[in-house]
Structures are given as structure tokens and as C-alpha cells.
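Q: This is the structure, below, for whatever I ask next.
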Amino acid sequence: MQKDNISDSLVIILGAALLSLVALYNGFPLVYSDTGTYISSGFEMFVPLDRPIAYGLFLRITSMEISPWLVILMQNLITSYVLHSTVSTLIQDRRMIARAQLLSVLTLTFFSGIAWYSNQLMPDFITPLVILILFVLMNNKKISWINKTLLTLLLIFGFIAHLSNLLMGLCFAIMVMIYWLVKRESIGRDAKMKLLYCIGVVIFSWCSLAVINRVVDKEYNISKGSHVFLMAHLNDAGILKPFLCEHCNEPEWQSHPLCPYKDSLPSDAAGFIWGSHLVDSCGGWKNSKAPFDQIIHQTIIEPKYLSMNAYKFVQYGFVQMGQIEIGHGLTSYQNTTPLEQIQRWFPLEENNYKNSRQNRWNGQDLNFEWINLLQLLWIAFSCLLLIYIFFTPSLSAQISGNVKDLIVFVLLGIFINAMITGGLNSPYGRLQARVVWLLPYGASFILFALTKRYRNTIEKKLQ
41 MQKDNISDSL
51 VIILGAALLS
61 LVALYNGFPL
71 VYSDTGTYIS
81 SGFEMFVPLD
91 RPIAYGLFLR
101 ITSMEISPWL
111 VILMQNLITS
121 YVLHSTVSTL
131 IQDRRMIARA
141 QLLSVLTLTF
151 FSGIAWYSNQ
161 LMPDFITPLV
171 ILILFVLMNN
181 KKISWINKTL
191 LTLLLIFGFI
201 AHLSNLLMGL
211 CFAIMVMIYW
221 LVKRESIGRD
231 AKMKLLYCIG
241 VVIFSWCSLA
251 VINRVVDKEY
261 NISKGSHVFL
271 MAHLNDAGIL
281 KPFLCEHCNE
291 PEWQSHPLCP
301 YKDSLPSDAA
311 GFIWGSHLVD
321 SCGGWKNSKA
331 PFDQIIHQTI
341 IEPKYLSMNA
351 YKFVQYGFVQ
361 MGQIEIGHGL
371 TSYQNTTPLE
381 QIQRWFPLEE
391 NNYKNSRQNR
401 WNGQDLNFEW
411 INLLQLLWIA
421 FSCLLLIYIF
431 FTPSLSAQIS
441 GNVKDLIVFV
451 LLGIFINAMI
461 TGGLNSPYGR
471 LQARVVWLLP
481 YGASFILFAL
491 TKRYRNTIEK
501 KLQ
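Just so we're aligned, residue 41 is where the sequence shown starts under this note's numbering, counting upward by one.
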């Protein structure tokens, strides 16, 4: 048993090393425009207006206030560990676990976007891992209490690191309860306990975020800026303008601070939040809550606008499904907030930051054309494979229940992520690209199972 544990640890470390090739290729951990806010929130101890503080604290702790390279090392170790836990759930032959783990990590690193997120100073790397952890907790029958505890802690962190993940957890809990009501007579005691456990983790995560915000910001809340993002969504979806044009002539709406701007609204969500003065004209992020909530509430209770909201939620969600390009937003960030925070908190890393491929020559050293093409081909092959298996009962019968459950978790996770991020805001490339690698990852286990059975059949015939 001890030898197995040492072997498992070594495999996880090797997997992390493979994932780290992207950061080594870049010459520095990848950054995004929001990276600066995450760094400052963790080091200065404040809850940002537009995101949780959890990942900022993670940055501060894992960097040890020395280097962001330590953050990337931890993120890659976490990613490799969760992938290893998934492989261990699906494959019983311990001799094959190490091979499958290293082969899958190697393939994912060179043919998908996984490492472009695990090597980025952003919480996006944890979103697909949340889906895999839920699968492992629900399906691994021999999980040790140590691994269960570690995965649970990672799941809680995953939920509170990004608000979309928290909503994903809520959707999972709702779906579990519906499943329970429909299948309550056929669910075994062990399955019920696992379902309750995962629901408990979701509830605990919501409460934990509120408590963390209370400790740091002296106020219980989940998000201080959700009303701004929802209003920006209404604007982006084309709902806000007709609403204002219809209601601003009514006495109770004439004094609304957005009415003077009904004919000059920006065309997208980003322009509404960051590129205009609309939020400031309504009192800023904090004081705009009342007037924004008034419109949001009205567009829900009026059938006309409720139907518009429903239509745009579905439309944007499906549009988001196609936003899978790797590298979205990974442009040069010279003379920006990320650089300012690197200079302030990691001064020894400033030149490495400036000389990285991402920031050198205005980011022209980073080319995502080939990796996007390879990922697209892999996704297309995976979709064809899943369709073929689905319509071939004889092959479908050869796939284990755990592998089928993984496919269900993956498909639901990808779909829910698209609906939450696209349907409640607006389609945005990086938010779907961060999870899409789960599809070929899940399909690879079907290919592995079929290949193994075919090899066993050949060996029996040869004997």
C-alpha cells in the first residue's frame, strides 16, 4: 500500500510537470486583465465589487508572497491530482492507472486548453475540476477519507472561487433533488448518502462565502455587484432599451437615472460596465443597486419582458457553447493593472513578466492557431465517437457504468456552464473554453475501454 501511495504521488507530480510546460514555454505564468484585481484583493484584504476574494487569498497563500510561479505549481498539482482521482475512479487495474494518467495529461497538454488555464493566474482552472470532483465523490466506492477530505476542500474552494461555479453548484443541487424525487424508490442508501453529502457541500460553500465576506468586508453578502452584471446583460441582450423607451414616460419611472440615456446605451455588456459612465451616473456599484434592481425585478414580473429574458437566456447559452477558442484575452498586458500588481508584490519578477512571450512584442510570440485547430479536431472526433456509441447498443453495453456517468457529468457540466455564463451575462470566449476539454477527456475513456476489450479479444483468440 505504501508503494502504491508513493507511486501515485510521483504520477501526480509528473502530471503537474507536464502541465507546467505551457508556463515554461511562455516564460512566466499567464495573466489576464482581471489578474491584477485578484492579486490586490488577496494582498490588500478587500472584497472586490465584481468577484469573490477567495482566489485572491489563494494567490497570496500559495505564492508565499515570494513568486507567482508557486501559484502555478500548486494549480498544476491540483489539476493533476483531480485528474488522477478521476482515472482511479474509472480504472481498477492499478498498473494501468499511472499509464492512463500520464497519457491523458500529455494528450490534454498538447491538444487542448487545459494547461493554458492551469498556468494562468485566474480561477478559471478550477471550474472543470469542480465537475470532475463531483463525479469522483459520487462514483468512487473505495475513496479513502484523506482523498475525500482533500477533494471536498478543493470542491468548496472551487465553488467560492468564482460566482459562476457557485451557481453551477446550486444547479447541481437542484438537479440532485429532482432526481431524488423521480427515482426515490430505486436509489440505494449509499447513493442517497453521497447525494446528501454533495448537497451539503454546496450549501456549506454558499454560507462560507458569506462568512468570508463578513470577516473581510464586515458585511454578509455573496456578491456586491451582481445587479450591475445583470443590468449589463439586459443591455447586451437588447431588452433594456425597449423597456426604458416604454416606461420612462410613465410618472413613476421618469426620475429613474437610466432614462436620460435610453437612446445612447452601449451595444454590449462590457461597454455598459467598463466603457461608459452609466454605473457612476446611477450612484456607482454600491448605490446603483436599488435603481438597477427595480428594472431587473420589473423585467421578470412583466410577461412580455420575461419571455424576452427567457429567449435571450437560451440563445446566449447556446451561443456560449461555441465560444471555445483557446487564448481568448491572453494578449499583452504591459502598463496595466496586472503589471502594477506584479511590480508591487513580486518586484523580483517584473522583468520576467515583461519578457514573457505574452508580453513581448505586444503578445505576438503567442500563437494559438495550431492548438485551437488540434483541439477542434479532437472535439469533433469525440462528438462523432459519442454519437456512434450511443446509436450502437452492442458497443454501448461494453462501456462501464462509471464511464457513462462521467460522460453525463461532463455533458451536463459543459451545458450548465454555458447557460450560466452566457445566459446570465453574455457569451464570452474564455468562460467556455475553460471547460470544453472535458468532452474529449471523457470520450478518451470510452476509446480506452473499447481498445482494451478489443485487445483482450485478440489475445484470447491467439491463445
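C-beta atoms are modelled at their ideal positions from N, C-alpha and C, and glycine is treated no differently. These figures come from a predicted structure and were not determined experimentally.
Could you please give the first and the last residue of the uninterrupted alpha helix (DSSP H) stretch that includes residue 71?
A: From DSSP, residue 71 is part of no alpha helix (DSSP H); its letter is neither H nor E.
Q: Below 8 Å, can you find three or more Cβ-Cβ pairs linking the stretch 215 to 230 to the stretch 147 to 160?
A: Flag = no, the stretch 215 to 230 and the stretch 147 to 160 do not touch.
Q: By alpha-carbon positions, which one of 483, 392, 437 and 287 ends up nearest to residue 425?
A: Answer by Cα proximity: 483.
Q: With distances taken between CB atoms, is the gap from residue 73 to residue 345 smaller than 8 Å?
A: Taking 8 Å as the Cβ cut-off, residue 73 and residue 345 do not qualify as a contacting pair.
Q: With a CB to CB cut of under 7 Å and the five nearest residues on each side skipped, what residues in its chain are close to residue 104?
A: Excluding residues within five positions, the ones whose Cβ falls inside 7 Å are 110.
Q: Spatial neighbours of residue 126 within its chain, please: CB distance less than 8 Å, with the 5 preceding and 5 following residues excluded, ordered by chain position.
A: Same-chain partners within the cutoff: 172, 175, 176 and 446.
Q: Over what stretch of residues does the alpha helix (DSSP H) that includes residue 124 continue unbroken?
A: Here the alpha helix (DSSP H) through residue 124 covers 108 to 130.
Q: Using the three-state DSSP reduction, which class does residue 489 fall into: helix, strand or coil?
A: In this structure, residue 489 counts as helix in the three-state DSSP scheme.
Q: Alpha carbon to alpha carbon, what distance is there between residue 53 and residue 137?
A: About 14 Å.
Q: Identify the continuous alpha helix (DSSP H) that holds residue 134 and give its terminal residues.
A: Counting along the chain, the alpha helix (DSSP H) containing residue 134 begins and ends at 134 to 151.
Q: What are the complete beta strand (DSSP E) segments, minimum 3 residues, inside the stretch 406 to 486?
A: Listed in chain order, there is nothing to give.
Q: Going by beta-carbon coordinates alone, are residue 469 and residue 338 separated by less than 8 Å?
A: Cβ distance not < 8 Å, so residue 469 and residue 338 don't count as in contact.
Q: State the Cα-Cα distance for the pair residue 432 and residue 223, rounded to the nearest angstrom.
A: Answer to the nearest angstrom: the Cα atoms are 26 Å apart.
Q: Compute the distance between the beta-carbons of residue 340 and residue 408, then report whether it is under 8 Å.
A: Result no, Cβ atoms of residue 340 and residue 408 do not sit closer than 8 Å.
Q: Terminal residues of the continuous alpha helix (DSSP H) containing residue 198?
A: Run containing residue 198: 185 to 201, per the alpha helix (DSSP H) assignment.
Q: The alpha helix (DSSP H) that contains residue 385, what's its start and end?
A: Segment 377 to 385, the alpha helix (DSSP H) holding residue 385.
Q: Under the assumption that residue 60 contacts residue 112 (Cβ atoms under 8 Å), give the Cβ distance between them as a whole number of angstroms.
A: Contact holds; Cβ gap of about 7 Å.
Q: Once DSSP output is grouped into helix, strand and coil, what is the label at residue 41?
A: Residue placement at residue 41 is poorly supported in this model, since its pLDDT is 36, which falls under 50; the coordinates still yield a value, given next. In the structure shown, residue 41 sits in coil (DSSP, three-state: anything other than H, G, I, E or B).
Q: Are the beta-carbon atoms belonging to residue 406 and residue 398 less than 8 Å from one another?
A: A contact, by the Cβ cut-off of 8 Å.
Q: Can you grab the Cα-Cα spacing for the pair residue 69 / residue 285, in whole Å?
A: Answer to the nearest angstrom: the Cα atoms are 47 Å apart.
Q: Do you know offhand how far residue 485's Cα is from residue 421's?
A: Going by the C-alpha atoms only, they are around 13 Å apart.
Q: Taking the alpha-carbon positions, what's the residue 467 to residue 356 distance?
A: Cα to Cα, residue 467 sits roughly 6 Å from residue 356.
Q: Can you find the residues in the same chain that come closer than 8 Å, C-beta to C-beta, to residue 122, ignoring five residues on each side of it along the sequence?
A: Excluding sequence neighbours, residue 122 sits near 169, 172, 173, 176, 191 and 194.
Q: With H, G and I counted as helix, E and B as strand and the rest as coil, what does DSSP make of residue 57?
A: Residue 57: helix per DSSP, three-state reduction.
Q: Spatial neighbours of residue 234 within its chain, please: C-beta separation below 7 Å, excluding the five flanking residues on both sides.
A: Closer than 7 Å at the Cβ level, and outside the excluded window around residue 234, lie 177 and 178.
Q: With distances taken from CA atoms, which of 252, 410, 289 and 196 is nearest residue 243?
A: For the residues 252, 410, 289 and 196, the minimum Cα distance to residue 243 belongs to 196.
Q: Would you mind reading off the limits of the alpha helix (DSSP H) that contains residue 337?
A: Looking at the DSSP string, the run of the alpha helix (DSSP H) that includes residue 337 is 329 to 341.
Q: Just the Cα atoms here: how many angstroms apart are residue 155 and residue 107?
A: Rounded to whole angstroms, residue 155 to residue 107 spans 19 Å at the Cα level.
Q: Using a Cβ-Cβ cut-off of 8 Å (strictly less than) and excluding sequence neighbours within five positions of residue 475, which residues of its own chain qualify?
A: Within the same chain, residue 475 has close Cβ partners 167, 168, 171, 453, 454 and 457.
Q: Output needed for residue 462: all residues of its chain with C-beta closer than 7 Å, excluding positions within five of it in sequence on either side, in chain order.
A: The answer, listed in chain order, is 356, 357, 359 and 360.
Q: Which residue from 248, 481 and 84 puts its Cα closest to that of residue 419?
A: Per the Cα distances, 481.
Q: Which of helix, strand or coil does DSSP assign to residue 404?
A: Residue 404 falls in the coil class under three-state DSSP.
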